[in-house]
Amino acid sequence: MIRAGITSRLAVRAVLVAFALGSAAWLGCLDYAAKISTSVLELIPPGEQTREVLVMRSLAEGPQAQVLLFALADRDAPQRSLGALATAFADELRRSPAIAEAVALGVPAADEALGRALFEHRLRWLLPAWLARMHREYNGGPGNEAGFPAWMAERAAADLERFLARPEAVGMQELLSRDPLLLLPTLAHEGEKMLPLGGSGREGLIWARMRGSPFSEEGQSPVFAAIEQARVAAGIDREGLELKWTGLNRFAAASRARIESEVRWLNLFSLVAVVLCSLVFVRRILQLLHLVPVMLLSLLGAWTVTTLVFERTHILVFVLGSVLGGVAIDYGFYLFMQSDAYEGEPYGRKLRRLLPSLLASCLTTTLGFLLLLFSDLPLIRQLGVFVAAGLLCALGAAMLYFAQLERPRLEARCFPPPPGFLRSRRGRNLCRALAACAAAVALAGPWFVTWRDDIRQLDLPADDLRANDAAVRSLFGDQADGSVFLTAAPSLAEARRKLEEFHAWIANGGDRSRGVSLGLIVPTEQAVKALRGHLASLEAFPAEFRQALGRKGMTPDYFQPFLEDWRQMLGQAAEGDYQALVAEIDQKLSGPFALLANLRSSPYWFLTKTAARGPAAPPAELGTIGLDQLGSLNELFRRYRWSALWLSLAGLGLVIASVFCIYPSRRGLRIALIPASSCFLIFGAFGIAGQQLNLFHLLGAFLGICLSHNYAIFSAETSATASSPPVPVRLSAVSTAASFGVLAFSGIPVVSALGLTVSLIVLTALVVIEAETFAGPGRP
Amino acid sequence: MNTIQRSAPRAPAARPLALLLAAAAVLASAQPPVGEGAEQGFVRIEPARDADWRALFAGLASPGNRQAKFEERRYFPFRRDPVVLSGEIRISPGRGLSLSYLAPARNVVIVDGKGLLLRNEVGEEREAPPDDRIRTAASTLARLLQVDLAALGQDFEIHGRREGSTWSLLLRPRQEALAGIVGRIGLAGEGTAMRRITMGRSAAQRIEIEITDARDGLLFTADTLRQFFR
């Protein structure tokens, strides 16, 4: 081959260097903290309006995500009193600007403040719901000839009498002169029945909230440092205590660190796998170093274009895109390993000869990936651009790089022909039998495929952190056997009304465990509005109540403070603004109580906790979802999977249509069938093996089809002459399968799914290409 | 994605009952302290020094398991007649004290080193918060029923009266804060059997516990321990 002229070589080199420098300069100027996202929430479209996503965003961006839970323990002396040390630790935490609040639980001051507020405002906050319940029971029962006031007076006096025999009556008797309706004791009983304390009390437990977001640097390193400083300053280590703690920032930081580590080792092992494969096919291994600039320029281009196009890019794009090297190297192999058509063939002529195949392969694949731009999911859009840009850059870099080499030729090893048995009649029959089996699997197997989408598969499972989290939360009273539900709505009044309906649904559910929520404190808008009407109909209640108390052997005069409060309430104006009333309650909620509801901005929500695990998802009209349901976003991702499936099929159609435009129909059919049959065979095998598939198996299949499509194009010439496929095709397929095979060992489930799928499809396509040389009809 | 799941709020760490007990205690502390009235015939005693009383206290404090029946009468200032509850007391050294209410409703109240635990008839448990006031009341009750007068003597002035084999003790809190929590305590018995405990701030607001059928040195089965202790 005649090398290119010096001037043109320099020009080409200048173009490559300029591209590399320009890209490096752009990437060097980026603010990666702002540009690269690690939050899984950013994998979901910003415009997504489903209830699950809105609530999840509200949780992740609200104070709930900023909570830190700490537990002190003395293993040598479990009974040791830790209240003072917990208080000291909380005090030290509060000194840090990274911590917004910190309280040692079991210290009565904070509890007393809310207890006092509840007591003072019991008639405004608790009475509306109590009266509404009395009305419901009166209307639902046999009634009373004396009317509602007398019935209610008798009922309240009887409840009071029963209460006096309960264990807590002695401790609460001081409240009764002002609360004979038992508004607070009932609240305590209902609330506590469902939320028994875990462990042996709250001493040694510290609740804190940080200022920054747990997903940002502000909520990680400074907070970790503050905790360490507080630990030392409070003498936790000196006292020989164990400090366990949990918070979202621990998960976020660990996730980021593990993903970064994954990127490193995936790239390294991918490279090692490619080199090892190349050793099998290439004579002079050092010449392979010429492929490194091609791969690097491809990755550089992919990074540059993706970061130019998108304001923020998710880190998973780079994890998944790290295997682009395995794809990008294909063009290098094909150009670098091609023999000259004749002795001294100029590079330009050789390039023109190979260009149709290269362009057909690259442009159709690029087109297919660019179709992913129409996906709803930002991650898939970004991945589409990353791979498409990477492929174009790989082709351009390969064409230019080899143009400036003096002797761009990579010598391949000679392989012995396939065993004679394979070319015999028996061998061909065996191959055909295997092909028939494969066809059966490819046609029947996909019908057995089951799908399971779970957004948690996008993250690295952190079993150690999860176990620690469960242990700490159990000390704070979180029960593993309970269920947690969120009732959400755009308006506060609607959210509270739906909560009421959800609780009614729970209560009517037979063996379902009753739930507890802040709805015990926050009345419904309906109950607040009805209060005036109820009170107006209860004009006779004070007198009736006095008489009922007397009949129960009680001294009515003792309850004069309550009757006076009642009289004053009658004279007050009706609550005009429900939102303001709830805001007043919200102001009194602090610390852990503030996390039980979002009363400040839409979507408003209430948490309900049941002591036993809920049996089923509540009906959609209740506006309530279980946290498990929220955690997986299964339904949402099922929708995205279908969207991705249609896009992939459209992309595939486009690729096939392009092939038929470029190649004659028979050759086009072969090129279309090889990737499609490989894909169906692998999905069939997954279906029969019972492997559950997800969105990323689908993406892997799309990528695998595009790669197989390349090999089918590159081997079209040899297939027509019934000779063995070119070495570059073999090397490309094997190295791609190896590099994606490395991904199959990733700790991130979706990356593993993608790697496994691509690797298997590519290997299957190679086997089909190899087999067609001797198994086809009329072949020798 | 587990990070998102973790962001979901969980059960509150503070409990409504804790708040209410705290609120009740705050209100209670606004009540006038215990009166200083001296009862006739009572003399101040020092359990460690007075030989006559020391022998009685040694007899009262059984080192083994103890079980008895009790009837509790709760006097409220707004009710003419007391509320009457009945049940069984069990004391097991090392495990604490268990009050098993049988009527009018079944409940178990356990007082031990970990604090105070309420267990209802279906086995649901509620633990009182580690509030100093509740802890003080619980530990005082435990020491009373174990007749640990040496420990009680640190917090109470002890006054006693004897008539033949019958005896009465009056425990007057040394600190006003303690008086605000448990009020004045009276004990009465015959020989080495305790018959009656009274606690309260006034005649209208008190608890009387009559103890009968006391048996010492019992062997509690594993079932009994599981049912009545923690």
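Sequence order for the protein chains is A and B.
When you line the first sequence up against the numbering used here, it's residues 1 to 780, in that order.
When you line the second sequence up against the numbering used here, it's residues 1001 to 1230, in that order.
Here a beta-carbon is modelled for each residue, glycine too, at the ideal position from N, C-alpha and C.
Check                                                                                                                                                                          : Outcome
Would you mind stating whether A:F310 and A:R381 have Cβ atoms separated by less than 9 Å?                                                                                     : yes
Should the stretch 1205-1218 of chain B be called in touch with the stretch 1066-1076 of chain B, which here means at least 3 C-beta pairs below 8 Å?                          : yes
Can the beta-carbon of B:G1191 be found less than 9 Å from the beta-carbon of B:S1165?                                                                                         : yes
Closer than 8 Å: is that where the CB of B:K1069 sits relative to any heavy atom of the ligand SAH?                                                                            : Among the components modelled here there is no ligand, and therefore nothing to report on the ligand SAH.
Candidates A:P97, A:V750, A:R413 and A:S221: which alpha carbon is nearest A:R452's?                                                                                           : A:V750
Considering A:A507, what are the terminal residues of the beta strand (DSSP E) in which it resides?                                                                            : No beta strand (DSSP E) contains A:A507, which is instead part of the alpha helix (DSSP H) from L492 to A507.
Below 8 Å CB to CB, which residues in the same chain sit around A:R532 once its five sequence neighbours on both sides are set aside?                                          : A574
Any beta carbon from chain A within less than 9 Å of B:P1093's own beta carbon?                                                                                                : no
What would DSSP say about A:L181, mapped onto helix, strand or coil?                                                                                                           : coil
Residues of chain A with CB under 7 Å from B:D1081, in chain order?                                                                                                            : G553
Please report the distance separating the alpha-carbon of A:L288 from that of A:L358.                                                                                          : 20 Å
Leaving out the 5 sequence neighbours to the left and right, which residues in its chain are closer than 8 Å to A:R80 when beta-carbon positions are compared?                 : D74
Are the C-beta of A:P167 and some C-beta of chain B separated by less than 9 Å?                                                                                                : yes
Check the Cβ of B:I1207 against every Cβ in chain A and list those closer than 9 Å, keeping chain order.                                                                       : V170
Here's the rule I'm using: 16 or more other beta-carbon atoms within 10 Å means buried, otherwise exposed. How should A:L570 be labelled?                                      : exposed
Determine, for B:V1109, whether the minimum Cβ-Cβ distance to residues of chain A falls below 9 Å.                                                                             : yes
In angstroms with no decimal places, state the Cα-to-Cα distance between A:E190 and A:G519.                                                                                    : 11 Å
Using a Cβ-Cβ distance under 9 Å, would A:S739 count as near chain B?                                                                                                          : no
Report yes or no: do three or more beta-carbon pairs, one from the stretch 177-184 of chain A and one from the stretch 118-128 of chain A, lie closer than 8 Å?                : yes
Scan the stretch 86-102 of chain A for residues whose Cβ lies nearer than 7 Å to a Cβ of chain B and list them as they occur along the chain.                                  : none
Run the CB neighbour count on A:T364, radius 10 Å, all protein chains shown included, and call it buried at 16 or more, exposed below.                                         : buried
In or out: A:V223 buried (at least 16 other Cβ within 10 Å) or exposed?                                                                                                        : buried
A:F559 versus chain B: which residues are under 9 Å apart at the beta carbon?                                                                                                  : F1078
Hey, A:A797 and A:A495: beta-carbon distance below 9 Å or not?                                                                                                                 : No statement about residue 797 of chain A is possible, as the shown extent of chain A runs from 1 to 780 and does not include it.
Count the C-beta pairs between the stretch 240-259 of chain A and the stretch 702-719 of chain A that are closer than 8 Å, then say yes if the count reaches three, no if not. : no
Measuring only the C-alpha atoms, how far is A:L160 from B:R1184?                                                                                                              : 26 Å
Got a sec? Which residues, its chain only, sit under 7 Å from B:R1082 by beta carbon, not counting five neighbours each side?                                                  : The residue you asked about is not Arg; residue 1082 of chain B is Pro in the sequence shown. Closer than 7 Å at the Cβ level, and outside the excluded window around B:P1082, lie R1073, R1074 and Y1075.
Quick one: what's got a C-beta closer than 7 Å to A:A685's C-beta in the same chain, skipping five residues either side?                                                       : V441 and G445
Mark A:P214 as exposed unless 16 or more other C-beta atoms lie within 10 angstroms of its C-beta, in which case mark it buried.                                               : buried
On the three-state DSSP scale, how would you describe A:Q568?                                                                                                                  : helix
When DSSP labels each residue in this structure, what does A:V655 get in the three-state scheme?                                                                               : helix
What whole-angstrom Cβ distance do B:R1230 and B:I1110 have, given they're in contact under 8 Å?                                                                               : 6 Å
Counting Cβ pairs, one atom from each stretch, are 3 or more of them under 8 Å apart for the stretch 736-755 of chain A and the stretch 686-703 of chain A?                    : yes
Taking Cβ positions only, does B:A1025 come closer than 9 Å to chain A?                                                                                                        : For B:A1025, the pLDDT reaches just 39, beneath the cut-off of 50, and the residue's location in the model is therefore unreliable, although a value from the coordinates is still provided. For B:A1025, the answer is yes, since a Cβ of chain A falls inside 9 Å of its Cβ.
Compare the C-alpha of A:S177 against each of A:L395, A:W566, A:A234 and A:Q526 and name the closest.                                                                          : A:W566
Within the same chain, show all residues whose beta-carbon is closer than 7 Å to that of A:A398, passing over the 5 residues directly before and after it, in chain order.     : V294, Y331, G332 and L335
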